[in-house]
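The structure appears below as structure tokens.
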Amino acid sequence: MKLEDLKICILRIEGTNCEDESFQAFKRLGANPEMVHLKQLTGQDVLETEKRDLMDFHILMIPGGFSSGDYVRAGAIWAARMKSKLSAPLTEFVREGRAVLGVCNGFQVLVEMGFLPGLNGIMSSVPDAVLATNESSRFECRPTLLKYENNYTSIFTQKLKSGQILLIPSAHAEGKLLFPPEKAEKIYQQLEDNDQIVFKYVDPDGEYAGYPWNPNGSPHNIAGICNPAGNVLGMMPHPERVFHRFTHPDWTRGFGTDIGDGRVIFESVLEHVCKKF
Amino acid sequence: MAQEGLYRKLEAPFPLSEILLSGADDEQLKSISSKSGTGLSLDEMKMLVDYFGNLGRNPTDVELQSIGQAWSEHCCYKSSKQILKEFVFGIDNSQVIDRGDAGVMEFDEENAYSLRIESHNHPSAVEPYGGAATGIGGIVRDVLCMGCQPIALIDPLFFGMLDTPVYELPRGTKHPRYLFGGVVSGIRDYGNRIGVPTISGGVFFDDSYTGNCLVNVGCVGIARKEHLYKNRVGGVGDNLVLVGGRTGRDGIHGVTFASAVLTGESETESRGAVQLGDPITKEPVIHAVLEVGRRGIITGMKDLGGGGLSCVCGELAYAAGFGVEVQLDRVPLKEEGLMPWEIWVSESQERMMLAVTDDNLEEVLHVFKLNDVEANVIGRVIPEQVARVFFEGVKILELELKFLTGGPEYCRPRTIREPSHHVFEKAPSRQIGHKEALLELLASQNICSRDWVIRQYDHEVRGATVLKPLQGVMGHSCHGDASVLKPVEDTWKGLAITTAVNPWVTAIDPYRGGKAVMDEMCRNLVAVGARPHSFSNCLNFGNPEIPKRLGEFHEAVRGMGEAAAKLDIPTPSGNVSFYNESESGSVLPTAVVLGVGILPDVRKAITSDLKSSGNQIYLVGRTEPEMGGSSYNRLVGAKSPLVPDTDLGVLKTSMDALLSAMSQGLVKSCHDISDGGLAVAISEMCIGGQLGAEVDIEVLENLPSEILLFSESNTRWLVELTPSDAEKFEEILGELATRLGEVGGSELVICSDEEILINIGIADLESAWHNTLWKLMGGSE
Chain B
1407 MKLEDLKICI LRIEGTNCED ESFQAFKRLG ANPEMVHLKQ LTGQDVLETE
1457 KRDLMDFHIL MIPGGFSSGD YVRAGAIWAA RMKSKLSAPL TEFVREGRAV
1507 LGVCNGFQVL VEMGFLPGLN GIMSSVPDAV LATNESSRFE CRPTLLKYEN
1557 NYTSIFTQKL KSGQILLIPS AHAEGKLLFP PEKAEKIYQQ LEDNDQIVFK
1607 YVDPDGEYAG YPWNPNGSPH NIAGICNPAG NVLGMMPHPE RVFHRFTHPD
1657 WTRGFGTDIG DGRVIFESVL EHVCKKF
Chain W
269 MAQEGLYRKL EAPFPLSEIL LSGADDEQLK SISSKSGTGL SLDEMKMLVD
319 YFGNLGRNPT DVELQSIGQA WSEHCCYKSS KQILKEFVFG IDNSQVIDRG
369 DAGVMEFDEE NAYSLRIESH NHPSAVEPYG GAATGIGGIV RDVLCMGCQP
419 IALIDPLFFG MLDTPVYELP RGTKHPRYLF GGVVSGIRDY GNRIGVPTIS
469 GGVFFDDSYT GNCLVNVGCV GIARKEHLYK NRVGGVGDNL VLVGGRTGRD
519 GIHGVTFASA VLTGESETES RGAVQLGDPI TKEPVIHAVL EVGRRGIITG
569 MKDLGGGGLS CVCGELAYAA GFGVEVQLDR VPLKEEGLMP WEIWVSESQE
619 RMMLAVTDDN LEEVLHVFKL NDVEANVIGR VIPEQVARVF FEGVKILELE
669 LKFLTGGPEY CRPRTIREPS HHVFEKAPSR QIGHKEALLE LLASQNICSR
719 DWVIRQYDHE VRGATVLKPL QGVMGHSCHG DASVLKPVED TWKGLAITTA
769 VNPWVTAIDP YRGGKAVMDE MCRNLVAVGA RPHSFSNCLN FGNPEIPKRL
819 GEFHEAVRGM GEAAAKLDIP TPSGNVSFYN ESESGSVLPT AVVLGVGILP
869 DVRKAITSDL KSSGNQIYLV GRTEPEMGGS SYNRLVGAKS PLVPDTDLGV
919 LKTSMDALLS AMSQGLVKSC HDISDGGLAV AISEMCIGGQ LGAEVDIEVL
969 ENLPSEILLF SESNTRWLVE LTPSDAEKFE EILGELATRL GEVGGSELVI
1019 CSDEEILINI GIADLESAWH NTLWKLMGGS E
């Protein structure tokens, strides 16, 4: 399929606030993203011309923000709304190997929906994990360095080199990836075995480090994971914010390229999906 | 609302009263004003007696409340207007597009940006979290109602000293630590949720703010020019569509509360004047308003701020030369049982008023429905310049808009004192070495690292923040002078955004203070490579009915206006906040500016951190013995009337020369010299770059070393260059620049000829500077 024929859904509800830059990230690469309100997929309150069918899209992106205010657990309300109305098409979407990217609040939504880590089928009936309040108890907006840990299961990282380190900034209050305590280590081992761990937080020397380089206290420094099939990726840091070099935090100290570290994630998924469909 | 004998209940199926103005004596008029909470003066009450006497009737309670809102200091600038007209309103150039709720300026051929800064002081002093959050909500609506997408938030904050002992607090006053924590949380939770990056601001501490903290909130927006709107209706027959949040009892009498002095009882009496914010109503309101704006299906709009419906309906219609009829019972309410006057003046948040023709009404209502935002037609534009309000079929208000929106204007008495006779020279009460002074200044509350605040705000959402508030080596970044945004997708042109204020200098010499603020704003913008383009101001002063306070205001505005006129920087929007006083006295005169500059190419922006060993360090500008109001003087307990002055001609020449050197790529880093003087500025550059430096101040003016190190003289920058560019730089800057030393090593060494004045390792500088707020506010990095 040609790049310009790919259909990309940038989904939003009230409180989504990273949709513009997420849209631009795909657009700048020559793709044709579309901003879609959840109600356009469920058909509520919309005109016939505004209705959209999820299965017409090849890539679904759930951007960052504070969906519905995140006054419950981050992502819980949006996940509940999608689960009640769109479980069947979403499961089908993932089963067919179409791509789903959740960044920050989008990651939280994917975990709340049971698509990630996805160890019990495509979608678990209850969440297997949670993105809990940061160790610091505060919102943390800071540069974070991510080490690429995946062995190319994830379709979002095919163009990365093994062990490559990317600067992708974080901005969240709830980003600590926790599993049920009694099986936490077992699940972690499963993630390792399934090659589901995509990114881990490291310090400027490339070593696993604590706060502030791990901004939320996530055990094992996990910053992003994919499902076993590799077509669903959730990550707390924001690749769409570093599409250009000139939004890196230290670019005035010298840079060899105009390209920002986040761009490769969008390039990888577009290339993969073009080949697949 | 009114006392027995001062009002009469009218026949209506809801509470409605007639106010018995006719025949009331002075005491009764004063009583009506205070019992109704309108805060009108006796003279103003007499104007009402005359007006309604001519009509041959008494006002209703709704009419009295409506006038109380419209004539408050907060809404009609009755004490400040004449002074502002004299000094700043006239500064205009071809770049100004509109002066509405926010000012609108040219960005490039296709795009415009808008800016405004205003105060939300009194609500924040009573309820810091809600006060600050709704402050953000209000300023965002000001930018939104011009048709602009909000792209930046800017928050200068002023509190008492964080280590103030609890027993020293005045009655009814909350501790600065509580206020600071609450305000920052309020800005964080609201700003982060609506997805607008908080990229600039400042935190300032002084005992004068203990009883009356200041919370100023600024916003910058961007729009394609064809999507800009005016704050007025399109024509007769337009529907008034109220969109957003519901109306409740929160925020009643907010503007009259803002136009009085805070007292020990403000907490219990005025908590109802603080509005409640709801960012998750606001976020889709922003979305839907911008959507109908882009589709071109509205004719104009305005936000509901101070005075609520009572102000917006009349102003929106009258600005186009028309009037309005409102069906007040169509306003959706948060709770049952509000009296009509309460609905009319409530300042409940997240509301906007749109003007829509019949043809477009259905489409507008649909866009709001899709976004789950309430939208209701509550009125219609009529040809006569009159406001008429009905409730359940009964007319409850009819006022001429000329009278209602005209408002009084005062030329209040003011005393302008001779600045140099005001403060007497006082020798330092402490003897302190230069090294200790520098370390103490770096650790002082007014200079130390703000990362405790900055990292709680999302300053990168929207993915367009090119220069962040913290700049330098990751993990060690230090304060920048301005932040830079790339606001439009298909151009590298950028906006630099900064704030400037110097209450200590302004307190000693308001005129020089006004100029100093403009100088600092220009320095900050130029330091990142931007040419100053416009500014908005928020002038926080004490009670204008006290001649000395109004004199300070007059002089500060004169200084600011003189600088702006000379530099040709227009101020298309502004805000005045008087009555910033508590039982312990007035705040320092606090003239805040929000400055916006333009960079032709953001990829050439410059940060404050030192870049490479071996580079040369230059000082641009002259150092004078102007220690009045300086951080150093406050540290050592000295006083001086000599505050930094600005030679506006030199400022202009220096800016031009520096920008020229920058555009040729000569400048590797640049930092303005302000609080703490040269020694603090070079320390910050070292911390951000994790590089040492060796400078020799012997080459500077023949002045005592503490003046050369710590003077806060205006129009100065520190600049880093590669050795090969030095000659070219000297050619451009001429006598303005002096070579001070070189980047290198891991210490900051400042000497005067052979004598070493300061020698401190970078790690020691950093730990002194970094830890203060963390220690005082909790948490650790």
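Here the protein sequences come in this chain order: B and W. Following my numbering, the numbering of the first sequence begins with 1407 at its first residue and continues without gaps. Following my numbering, the numbering of the second sequence begins with 269 at its first residue and continues without gaps. Ideal Cβ positions, reconstructed from N, Cα and C, are used throughout, including at glycine. Here the structure is a predicted model, which means the values were calculated and not measured.
Shown here, W/T466 sits in a strand according to DSSP, grouped into three states. In the DSSP assignment, B/R1504 falls outside any beta strand (DSSP E), carrying neither H nor E.
Within the same chain, G960, G1029, I1030 come within 7 angstroms of W/S1014 by CB-CB distance, once the 5 residues on both sides are set aside.
One thing to note: W/R682 has its Cβ no nearer than 9 angstroms to the Cβ of W/K783. Note that the C-beta distance between W/D571 and W/D423 is not below 9 angstroms. Within the DSSP secondary-structure output, B/T1422 pairs in a beta bridge with B/G1471. Interface residue (Cβ-Cβ distance to chain B less than 9 angstroms): W/M953 is not classified as such. B/F1521 counts as buried, since at least 16 other C-beta atoms from the protein chains shown sit within 10 angstroms of its C-beta. With respect to the 9 angstroms criterion, W/V408 and W/C487 are classified as neighbours on the basis of their beta carbons.
For W/H744, the three-state secondary structure derived from DSSP is coil. A Cβ-Cβ contact shorter than 9 angstroms links B/W1484 with B/I1419. Taking a beta-carbon distance threshold of 9 angstroms, B/H1626 does not count as an interface residue toward chain W. Listed in chain order, the positions of the region 862–896 of chain W with a beta carbon within less than 8 angstroms of a beta carbon of chain B are V870, R871, A873, I874, T875, D877, K879.
If you check each beta-carbon in the region 1631–1663 of chain B against every beta-carbon of chain W, the ones closer than 9 angstroms belong to H1644, E1646, R1647, V1648, F1649, H1650, R1651, F1652, T1653, P1655, D1656, W1657, T1658, R1659, G1660. Membership of W/C954 in the alpha helix (DSSP H) is indicated by the continuous run 945–957. When the alpha-carbon of W/S299 is set against those of W/G291, W/S290, W/L310, the nearest one is in W/L310. Taking a contact to require three or more Cβ pairs closer than 8 angstroms, the region 1418–1438 of chain B and the region 1645–1652 of chain B qualify as touching.
Taking the Cα of W/D877 as reference, the smallest distance to any Cα among W/I814, W/Y319, W/Q958, W/P800 is reached at W/Q958. Taken atom to atom, the span from the alpha-carbon of W/Y900 to that of W/L421 is near 31 angstroms. In the three-state reduction of the DSSP assignment, W/G450 falls in the helix class, which pools H, G and I. The Cβ-Cβ distance between W/L1033 and W/L753 does not fall below 9 angstroms. B/L1453 counts as exposed, since fewer than 16 other beta carbons sit within 10 angstroms of its beta carbon. The beta carbon of W/R456 sits closer than 7 angstroms to those of Q724, Y725, all from its chain and outside the five residues before and after it, given in chain order.
Considering only beta carbons, no part of the region 1484–1516 of chain B lies closer than 7 angstroms to chain W. Here W/L496 has I365, D366, V372, A380, M414, G415, C416 as same chain residues with Cβ atoms under 8 angstroms from its own Cβ, once five neighbours each way along the sequence are excluded. For the set W/H555, W/F659, W/C579, the Cα lying nearest the Cα of W/P600 is the one of W/F659.
According to DSSP, W/V963 shares a beta bridge with W/G1009, W/I1018.
In this structure, the alpha-carbon of W/E604 lies about 13 angstroms from that of W/R598. In the three-state reduction of the DSSP assignment, W/W985 falls in the strand class.
Counting every other CB atom within 10 Å of its CB across the protein chains shown gives B/G1569 a total below 16, marking it as exposed. DSSP places W/R276 in the strand class (E or B) of the three-state scheme.
DSSP, read as helix, strand or coil, puts B/T1653 in helix. In summary, W/V485 is buried, with 16 or more beta-carbon neighbours lying within 10 Å of its beta-carbon over all protein chains present. For chain B, the residues of the region 711–730 of chain W that bring a beta carbon within less than 7 angstroms of one of its beta carbons are R723, Q724, Y725, D726, H727, E728, V729, R730, in chain order. At a cut-off of 9 angstroms between beta carbons, B/V1452 contacts chain W. When 8 angstroms is used as the limit between beta carbons, W/M930 is near no residue of chain B, the shortest such separation being about 12 angstroms.
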